[in-house]
Amino acid sequence: MPWLLTFHIAALLCWCGALLYLPVLLATQHTTSANRITLARFIYTHVATPAALAAVILGTLVFAVHDILDSWLIIKLVLVSLLVVLHLLTGWLVARVSNNALEPAKIYCYLQFCFIFCAITAIFWLVLAKPLLGH
C-alpha cells in the first residue's frame, strides 16, 4: 500500500515543518503581537497537532501492515516519542509566550528549535540508512 506510506510522509513533513516554524515565529518578534500569538496558536492547534496525530497513526499502520519489526524501527519509535515530547513542550512555549509569562523567550525558542532539528535529523537518518544494529 504505497498510498499509506505517502500519506504518512506528507503528514510527517507537515508536522516537522510546523514544529520547526513555531519556535522561529515566537523568537523573531520583539514585541508580543496579538497576530503573532494568534498565528502561533492556530499553527499549533490546527496544523501541527493534527499532522502529528496523522503521522503517528499512519506510521503505526505502515509497520503493522508491512510487518516490519527491525532494531532500527525500535530506536526510531523512541525518537518519535522524543519528538512528541518536544511537540508538547512547543505547545507549552506557545502558551507561556501568549500569557507573557516567559519574558526571555528567545533562548528557549532557539533551544527548542535545536532539539527539534536534531530529533528530526536523527529520525530521517534512521529511516533512510536503516542501519544494521546489533549484528
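In my numbering, the protein residues as written are 1 to 135. Glycine included, every Cβ here is placed at the ideal spot set by N, Cα and C. Please read all numbers here as calculations on a predicted model, not as lab measurements.
Point to revise | Nonlocal neighbours in the same chain, by C-beta distance under 8 Å from Leu25, ignoring five residues either side | key: Here residue 25 refers to the residue found at position 25 of the sequence shown. Within the same chain, Leu25 has close Cβ partners Arg36, Leu39, Ala40, Ile43.
**Study point:** Complete alpha helix (DSSP H) runs within the segment 65-116 (minimum length 4 residues, chain order)
**Key:** 71-98
Point to revise | Closest residue to Ala51 among Asn99, Cys118, Ala18 (Cα-Cα distance) | key: Sequence index remark: in the sequence shown, residue 51 carries index 51 (1-based). Here the closest residue by C-alpha is Ala18.
Practice item. In the DSSP assignment, find the alpha helix (DSSP H) that holds Val24 and state where it starts and stops. Key: For the purposes of this step, residue 24 is taken as the residue at position 24 of the sequence shown. Start and end: 2-28.
Point to revise | Three-state secondary structure (DSSP) of Pro131 | key: For the purposes of this step, residue 131 is taken as residue 131 along the sequence shown, with counting starting at 1. It is coil, neither helix nor strand.
Review point. Quick one, are the C-beta atoms of Leu140 and Val84 less than 7 Å apart?
Key: With the chain running from 1 to 135 in the structure shown, residue 140 is simply not present.
Check your understanding: Are the segment 63-75 and the segment 124-132 touching by the rule of at least three beta carbon pairs closer than 8 Å?
Key -> In short, these stretches touch, since the Cβ pair count reaches three.
Check your understanding: Could you check where the alpha helix (DSSP H) with Ala48 kicks off and where it finishes?
Key -> Numbered from its first residue, the sequence shown carries residue 48 at position 48. Careful: Ala48 lies outside any alpha helix (DSSP H) and carries neither H nor E.
**Study point:** Candidates Val78, Gln112, Leu82, of which the one nearest Leu93 by Cα
**Key:** As a first step, residue 93 must be located in the sequence shown, where it is residue number 93. Ranking Val78, Gln112, Leu82 by Cα distance to Leu93 puts Gln112 first.
Check your understanding: For Val86, which residues from the same chain have a beta carbon less than 8 Å from its beta carbon, with the 5 sequence-adjacent residues on both sides left out?
Key -> As a working mapping, residue 86 is identified with position 86 in the sequence shown. In the sequence on display, residue 86 carries Leu and not Val. Answer for Leu86: Leu19, Gln112, Phe115, Ile116, Ala119, listed in chain order.
Review point. From Pro23, Gly59, Ala95, His66, pick the residue whose C-alpha is nearest to that of Lys106; which is it?
Key: Position 106 of the sequence shown, counting from 1, holds the residue named residue 106. Comparing Cα-Cα distances from Lys106 to each of Pro23, Gly59, Ala95, His66, the minimum goes to Pro23.
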